[in-house]
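Participant: Residue numbers (this note's numbering): 3 to 392. C-beta atoms are modelled at their ideal positions from N, C-alpha and C, and glycine is treated no differently. Note that the coordinates shown come from a computational prediction; the quantities given were computed from them, not determined experimentally. Supplied in structure tokens, the structure appears directly below.
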């Protein structure tokens, strides 16, 4: 492709590149730095490189592939998998990796507590515990998200671009809970389902001696063993019952999730009539501190969040990929929530927390490069070079 022609009249946020797949890791070679994957647990998603496959997981492998006529040693993300039988899956990059300090975990562009180095750094003032200022960027001066992409001939064409912010992000709600923010100060709420949604019963498995014993969604009569991951060791397992409640929060691994740890798996019916089993405790004699310990001065858990209060309904726009590379531009003004969780009357781009690419049920075979924030250049006529990919 003639990328210079397609990108004429545009500029891209620098130095913050959401994903360009040019990070050369000393152990794994070129990877998608800071990118994670997740699925509906019905199939795995793989990263491909030179005929080999590896679970996508966290920081998946990148593939050498030249997109532009000017490329000589370019790398892209090539992911495939399926068939996904539930809601599908996705890959994403949290903005916290760019705001945080250097030290192996993030770029440290904003260095929370110091004067902002870039205009995309959010102000720390008024942010209790840094739940927002350390996890979001201010993209309000930019027009939207740009990505180069194509699909394989047997892949579904749909690929969605999603953008989350402080009003919709599970990670921010988690950090606010950790900080002790009361429910009235949190922008949305998390709930953890502990029943099985993949058609399997919830049965105990003794494990392999690697601390993987517990309750899983599997059928001992037909399955050799439960699927202990949904594609890799980074993603959530298909555990159920109390084993699911005691799992760590995958975005911040290292310890169980204090909002759900030690809770029973209890049935609950929502206002809509939808029913399920969730990690929560209504017994006033079982009161927990954020660290999981009993608190005699506390209150019973709030019931699982109703769908209209839940996190996760990011602003989105669908792309329909072809088998040829193409630049897709997704203006923020074209993105809307899908309507299955908490709804907000406006899209606040001053607190962008994550950017994701997601898919629905079916098979996928995607090639992706240069996921970035873009805007029309201010020093050229507004109609110059903005038609590519729209």
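Is it true that the stretch 170 to 179 meets the stretch 218 to 227, where meeting means three or more beta-carbon pairs spaced less than 8 Å apart?
Facilitator: no
Participant: When the Cα of residue 2 is compared with those of 206, 336 and 307, which residue comes out closest?
Facilitator: This structure gives no information on residue 2, because the portion of the chain shown stretches from 3 to 392.
Participant: What three-state label does DSSP hand residue 380 in the structure shown?
Facilitator: coil
Participant: Do three or more CB pairs link the stretch 307 to 321 to the stretch 51 to 58 at distances below 8 Å?
Facilitator: no
Participant: Can you list, in chain order, the residues of its chain whose CB lies under 7 Å from that of residue 308, leaving out five sequence neighbours each side?
Facilitator: Closer than 7 Å at Cβ, skipping near neighbours: 272 and 273.
Participant: Let's test the definition: count the other Cβ atoms within 10 Å of the Cβ of residue 71 and tell me whether it reaches 16, buried, or not, exposed.
Facilitator: exposed
Participant: Can you look up residue 388 in the DSSP assignment and give me helix, strand or coil?
Facilitator: Note that residue 388 has pLDDT 40, beneath the 50 cutoff, so the model's placement of it is unreliable and no number is given.
Participant: When burial is assigned at 16 or more other CB atoms within 10 Å of the CB, is residue 82 buried or exposed?
Facilitator: buried
Participant: Mapping the DSSP letters down to three states, classify residue 173 as helix, strand or coil.
Facilitator: helix
Participant: Could you tell me whether the stretch 198 to 215 touches the stretch 352 to 367, using the rule of 3 or more Cβ pairs below 8 Å?
Facilitator: no
Participant: Just to confirm my understanding: we take residue 1, look at its own chain, exclude 5 residues before and 5 after, and list those with CB closer than 6 Å. What are they?
Facilitator: Here the chain covers residues 3 to 392 and nothing more, so residue 1 does not appear.
Participant: Do the CB positions of residue 376 and residue 331 come within less than 9 Å of each other?
Facilitator: yes
Participant: Taking the continuous alpha helix (DSSP H) assigned at residue 244, which residues delimit it?
Facilitator: 243 to 247 is the extent of the alpha helix (DSSP H) around residue 244.
Participant: Residue 162 to residue 336, Cα distance in whole Å?
Facilitator: 12 Å
Participant: Looking at the strands, I want to know which residues DSSP matches up with residue 86.
Facilitator: 364
Participant: Keeping to the same chain, check which residues put their C-beta closer than 6 Å to that of residue 262; ignore five residues upstream and five downstream.
Facilitator: Taken in chain order, the residues that qualify are 194, 247 and 281.
Participant: Out of 43, 284, 373 and 381, which one is the CA nearest neighbour of residue 151?
Facilitator: 373
Participant: Could you check how far apart the C-beta atoms of residue 91 and residue 41 are, in whole angstroms? I think they sit under 8 Å.
Facilitator: Indeed they touch by this definition, with Cβ atoms about 4 Å apart.
Participant: Evaluate residue 49 with the Cβ neighbour count: other Cβ atoms within 10 Å of its Cβ, from every protein chain shown; 16 or more gives buried, anything less gives exposed.
Facilitator: buried
Participant: Using alpha carbons as the reference points, say which of 14, 102 and 28 lies closest to residue 22.
Facilitator: 14
Participant: What's the C-alpha gap between residue 110 and residue 166?
Facilitator: Going from the Cα of residue 110 to the Cα of residue 166 covers about 20 Å.
Participant: Need the endpoints of the beta strand (DSSP E) that residue 5 sits in, please.
Facilitator: From DSSP, residue 5 is part of no beta strand (DSSP E) but of the alpha helix (DSSP H) over 5 to 8.
Participant: Under the assumption that residue 98 contacts residue 137 (Cβ atoms under 8 Å), give the Cβ distance between them as a whole number of angstroms.
Facilitator: 4 Å
Participant: Is the Cβ of residue 27 closer than 9 Å to any Cβ of chain B?
Facilitator: Absent from the structure: chain B. Only one protein chain is present.
Participant: Identify, in the order they occur along the chain, each residue of the same chain with its Cβ nearer than 7 Å to the Cβ of residue 251, setting aside the five sequence neighbours on each side.
Facilitator: Taking C-beta separations shorter than 7 Å and ignoring five residues to either side along the sequence, the partners of residue 251 in its chain run 176 and 259, following chain order.
Participant: I'd like the list of long-range same chain contacts for residue 68, defined as Cβ closer than 6 Å, with 5 residues on each side in sequence excluded.
Facilitator: 76
Participant: Given residue 142, which residues of its chain have a CB within under 6 Å of its CB, disregarding the five upstream and five downstream residues?
Facilitator: Exclusion of the five residues before and after residue 142 leaves 351 and 352 as the residues of its chain whose Cβ lies within less than 6 Å of its Cβ.
Participant: State the Cα-Cα distance for the pair residue 279 and residue 46, rounded to the nearest angstrom.
Facilitator: 25 Å
Participant: Spell out the partners DSSP gives residue 65 in its beta bridges.
Facilitator: 78
Participant: Is DSSP giving residue 132 helix, strand or coil here?
Facilitator: helix
Participant: By the three-class DSSP mapping on this structure, what secondary structure does residue 101 have?
Facilitator: helix
Participant: Roughly how many angstroms lie between the CA atoms of residue 43 and residue 343, to the nearest whole one?
Facilitator: Roughly 21 Å separates the two Cα atoms.
Participant: To the nearest angstrom, how far is the alpha carbon of residue 53 from that of residue 126?
Facilitator: 46 Å
Participant: Nearest-angstrom Cα distance between residue 328 and residue 164?
Facilitator: Using only the alpha carbons, I get a separation of about 18 Å.
Participant: Assign residue 352 to one of three DSSP states: helix, strand, or coil.
Facilitator: helix
Participant: Since residue 62 and residue 37 should fall inside the 8 Å C-beta cutoff, what is the C-beta to C-beta distance between them, to a whole number of angstroms?
Facilitator: Going by Cβ atoms, the distance from residue 62 to residue 37 rounds to 6 Å, so yes, they are a contact pair.
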